[in-house]
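Undergrad:
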DNA sequence: GTATTTTTGCAACACTGTCGCAAAAAATGA
DNA sequence: TCATTTTTTGCGACAGTGTTGCAAAAATAC
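Residue numbers (my numbering), protein chains in the order written: chain A, 1279 to 1410; chain B, 1279 to 1410.
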């Protein structure tokens, strides 16, 4: 799906900033923070706009907000609707979707209702592991 | 293990603040943020001390730092060394360890090295679900 | 093309987490 | 127990994240 296509589908105004933000997110498999987006979109839009766009896209389920260690949240396009795992490399700092790695079906105790999940594994990624 | 016992085991000075912080953490199964600890320890110790203590205890593996959605980190005593799942209720906001609920063994792709994990399920807890 | 609605940029703000440094408290050891 | 050394605390300052109100600007609707 294209940036414009996504905005249409969710009935969001097609503003320059939103299209550019979505294009960045669509063009990478690495989760980006607001900061990282800001650097890639230097001068194109304001911090506040990025935050507002990320919030809106999260709420509509287009992107996934990943709570990593530390303070900053990172965001990736949701490619699969099902649960999946994110991996954070402590060496390069990158956060990726681990497509293909599916967590076993988790049974919650009675009475608990699941809405969404956030599985993060922290370690060293394949690229950084080679250079150790 | 008692607060003092833990501090002894890890060769940490037994200061008033640390003992009180540990007692709070030992006395609940709900993950607490620095903020929540501060309110419970009104006037006993400074923000900076709480942060420093939480950091030290995390590094020694006594407590688990949970990155929840939003900005604040929450902390719980590690009861089991193995991976386990945390549950955050969107209604009451409480974060709990789901002891007993074990994630299936997750196989990472070749080359990835796992250090630690952070599994968070977001939803409605049993208590809040009853009152819906 | 104009009117209406939505979004933006800006500035201000609250909050989290960190740090340096002098003062205070805890550990050490006779 | 008391003096010395080591560690920790509290304070203030700070950088960064994320949010918000509001007027101006842009997008949509007609």
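Positions of the beta carbon are idealized from the N, C-alpha and C atoms, including for glycine.
Going by Cα to Cα distance, which pick from B:1385, B:1298 and B:1343 is closest to residue 1351 (chain B)?
TA: Ranking the options by Cα distance to residue 1351 (chain B), first place goes to B:1343.
Undergrad: Determine contact between the stretch 1364–1378 of chain B and the stretch 1325–1344 of chain A, defined as no fewer than three beta-carbon pairs at a distance below 8 Å.
TA: The stretch 1364–1378 of chain B, when compared against the stretch 1325–1344 of chain A, does not touch it at the 8 Å Cβ threshold.
Undergrad: Which chain B residues are close to residue 1379 (chain A), counting only those with a beta carbon under 8 Å from its beta carbon?
TA: Those within 8 Å of residue 1379 (chain A) in chain B are 1384, 1385, 1386 and 1387.
Undergrad: Should residue 1399 (chain A) be labelled buried (16 or more other beta-carbon atoms within 10 Å of its own) or exposed?
TA: Label assigned to residue 1399 (chain A): buried.
Undergrad: Tell me, please, whether the CB atom of residue 1372 (chain B) is closer than 8 Å to any CB atom in chain A?
TA: Residue 1372 (chain B) does not count as touching chain A.
Undergrad: Have a look at residue 1386 (chain A) and residue 1406 (chain B) and give me their C-alpha separation to the nearest angstrom.
TA: Near 15 Å, if we compare the C-alpha coordinates of residue 1406 (chain B) and residue 1386 (chain A).
Undergrad: The alpha helix (DSSP H) spanning residue 1412 (chain B) covers which residue range?
TA: For chain B, the structure presents residues 1279 to 1410; residue 1412 (chain B) sits outside this window and is missing.
Undergrad: For a contact defined as C-beta to C-beta under 8 Å, what are the partners of residue 1394 (chain B) on chain A?
TA: Going along chain A in sequence order, the residues near residue 1394 (chain B) (Cβ under 8 Å) are 1399, 1400 and 1401.
Undergrad: Interface residues of chain B around residue 1368 (chain A) at Cβ under 8 Å?
TA: Residues of chain B passing the Cβ test: 1393.
Undergrad: Are residue 1292 (chain A) and residue 1322 (chain A) close, meaning C-beta to C-beta below 8 Å?
TA: No, the pair does not count as a contact, with Cβ atoms beyond the cut-off.
Undergrad: Starting from residue 1345 (chain A) and walking both ways along the beta strand (DSSP E), at which residues does that stretch end?
TA: Its beta strand (DSSP E) spans residues 1341–1345.
Undergrad: Quick one: does residue 1328 (chain A) have its CB under 8 Å from some CB of chain B?
TA: Answer no: the Cβ-Cβ gap between residue 1328 (chain A) and chain B never drops below 8 Å.
Undergrad: If the criterion is Cβ atoms closer than 8 Å, does the pair residue 1402 (chain A) and residue 1391 (chain B) meet it?
TA: Contact: yes.
Undergrad: To the nearest angstrom, how far is the alpha carbon of residue 1388 (chain A) from that of residue 1379 (chain B)?
TA: The alpha-carbon atoms of residue 1388 (chain A) and residue 1379 (chain B) are separated by roughly 12 Å.
Undergrad: Do you know offhand how far residue 1397 (chain B)'s Cα is from residue 1356 (chain B)'s?
TA: Approximately 14 Å between the Cα atoms of the pair.
Undergrad: Quick one: which residues of the stretch 1343–1365 of chain A get their C-beta closer than 8 Å to a C-beta of chain B? List them in chain order.
TA: For the stretch 1343–1365 of chain A, which is checked against every Cβ of chain B, the residues closer than 8 Å are 1343, 1345, 1346, 1347, 1348, 1349, 1351, 1363 and 1365.
Undergrad: Determine the closest residue to residue 1377 (chain B) out of A:1315, A:1337, A:1384 and A:1284, with distance taken between C-alpha atoms.
TA: It is A:1384 whose Cα lies nearest to the Cα of residue 1377 (chain B).
Undergrad: Which value, in whole angstroms, describes the spacing of the CA atoms of residue 1281 (chain B) and residue 1360 (chain B)?
TA: In a straight line, the C-alpha of residue 1281 (chain B) is about 22 Å away from that of residue 1360 (chain B).
Undergrad: Is any beta-carbon of chain A found at less than 8 Å from that of residue 1407 (chain B)?
TA: So yes, residue 1407 (chain B) belongs to the interface.
Undergrad: For a test of the three-state rule: what should DSSP assign to residue 1286 (chain B), helix, strand or coil?
TA: Here residue 1286 (chain B) sits in helix by DSSP.
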